[in-house]
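All residue numbers for the sequence shown refer to UniProt numbering, where the first residue is 1 and numbers rise by one.
We treat Cβ as the ideally placed atom computed from N, Cα and C, and that holds for glycine.
Taking it in order: structure first as structure tokens, then the write-up.
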Amino acid sequence: MTELVEVLRSAVNTWECDEMGHMNVRFYVTRSVEALFSFGQTFGLGPQTLRDRQQTLAIKDQHIRFLREVHPGVPFLICAGVISADEHNITMYQELTNLISGQVSATFVSDVYLADVESRTPALFDKALVEQLQQQRVELPDYAKPRGISTAAPRPTPTLDEADKLGLFQIYQGLVNKADTDAYGFMQPQGYMGSLANGITHFFIALKDQQKPRDEGMGGAALEYRFVYRQAPQAGDIVVVRSGLKGVLGKATNFCHWMFNGESGECIATVEAVAVSFDLTTRKAVEPSPESRDNMMKKTVVGLSL
Numbered sequence: 001m002t003e004l005v006e007v008l009r010s011a012v013n014t015w016e017c018d019e020m021g022h023m024n025v026r027f028y029v030t031r032s033v034e035a036l037f038s039f040g041q042t043f044g045l046g047p048q049t050l051r052d053r054q055q056t057l058a059i060k061d062q063h064i065r066f067l068r069e070v071h072p073g074v075p076f077l078i079c080a081g082v083i084s085a086d087e088h089n090i091t092m093y094q095e096l097t098n099l100i101s102g103q104v105s106a107t108f109v110s111d112v113y114l115a116d117v118e119s120r121t122p123a124l125f126d127k128a129l130v131e132q133l134q135q136q137r138v139e140l141p142d143y144a145k146p147r148g149i150s151t152a153a154p155r156p157t158p159t160l161d162e163a164d165k166l167g168l169f170q171i172y173q174g175l176v177n178k179a180d181t182d183a184y185g186f187m188q189p190q191g192y193m194g195s196l197a198n199g200i201t202h203f204f205i206a207l208k209d210q211q212k213p214r215d216e217g218m219g220g221a222a223l224e225y226r227f228v229y230r231q232a233p234q235a236g237d238i239v240v241v242r243s244g245l246k247g248v249l250g251k252a253t254n255f256c257h258w259m260f261n262g263e264s265g266e267c268i269a270t271v272e273a274v275a276v277s278f279d280l281t282t283r284k285a286v287e288p289s290p291e292s293r294d295n296m297m298k299k300t301v302v303g304l305s306l
């Protein structure tokens, strides 16, 4: 096994932080995408090489864990390595480390493929590259392994009709912003996460969760996500998110999001997430009240998955 490679060194901007006072999940993902392309150049697939080949690196399945907060001004480092590789897929590991505390704040495990820049059709990685990467594998640390998220194979691609039948709430509708796309106009992972971040308050309103309101010092924090990326919408396309509650266990709430192209109705991603209620003074997760738990359990959608 080899050591992780440094692929990104930066700091948290104030405008990347949300009402909870920490970096918003969207920007963790933004930085992980930057780190993906920086890592690509370490094994011969840098941006210029990819442009010349009219190819890009794309993610089809991604697991994220948020371990600790990072706040405005904090310098951080992202290091990366390869867990496994074949001609079709490179499973890449990244960890974001807070350089003040020295602790890992987030981890990303991504199944990466080579795609045509226009059709997004998968291409094969060179055999020589695969052999090289297989000799440079890293081991996934325990703190990056799935904890509250399903590792099962993704469900068949869902439809809006299925979302209607399950009674999934519409929590977001908006356009794909150019800032969230790649050089060829296709939405990058941060755009998917950004849609969820912008819609999540509507989800909890729909659940009518009456636990302490935010002005009494309560908020929420994401702990873990798994994304299955099924299509890449383009700048200006409409994104619609339908969401449902999967379960409640201890302090944690599991829910699923199905993301659709609002015009075609085709599914663009399915997502599972784990979140907790968050005391903004102690910066600790708190248990939902019995009333809140009972209310949420009644709203659980049986059989819901990503």
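- Taking a 10 Å sphere around the C-beta of Tyr143, we find fewer than 16 other C-beta atoms and assign the residue as exposed.
- In the three-state reduction of the DSSP assignment, Tyr184 falls in the coil class, being assigned neither a helical nor a strand state.
- The beta carbon of Ala163 lies closer than 6 Å to those of Arg242 and Trp258 in the same chain, with the five residues before and after it left out.
- Rounded to the nearest whole angstrom, the CA to CA distance from Val239 to Tyr172 is 8 Å.
- Annotation: Ala285 to Glu224 spans about 14 Å, alpha carbon to alpha carbon.
- When the five nearest sequence neighbours on each side are left out, the beta carbons in the same chain lying within less than 6 Å of the beta carbon of Ser305 are those of Arg155, in order along the chain.
- DSSP, reduced to helix, strand and coil, places Leu99 outside both helices and strands of the structure shown, so it counts as coil.
- By the criterion of at least three beta-carbon pairs nearer than 8 Å, the segment 101-114 is in contact with the segment 62-74.
- Secondary structure of Val130 (DSSP, three-state): helix.
- Sixteen is the threshold: when 16 or more other Cβ atoms of the shown chains lie within 10 Å of the Cβ of Asn24, as they do, the residue is buried.
- If the five residues before and after Gly220 are omitted, its C-beta is found closer than 8 Å to the C-beta atoms of Met20, Ile200, Phe204, Ala275, Val276, Ser277 and Phe278, all from its own chain and listed in chain order.
- For Ala35, the number of other beta carbons within 10 angstroms of its own is at least 16, and it is reported as buried.
- When beta bridges are read from the DSSP output, His63 appears opposite Val109 and Arg226.
- Taking a contact as a CB-CB distance under 8 Å, the pair Ser10 and Arg31 counts as one, their CB atoms being some 7 Å apart.
- Ile83: not part of any alpha helix (DSSP H); member of the beta strand (DSSP E) spanning Pro75 to Ala85, first to last residue.
- Glu291 carries a helical assignment under DSSP once its states are collapsed to helix, strand and coil.
- Runs of the beta strand (DSSP E) lying entirely within the segment 254-286, each at least 3 residues long, are 267-279 and 284-286 in chain order.
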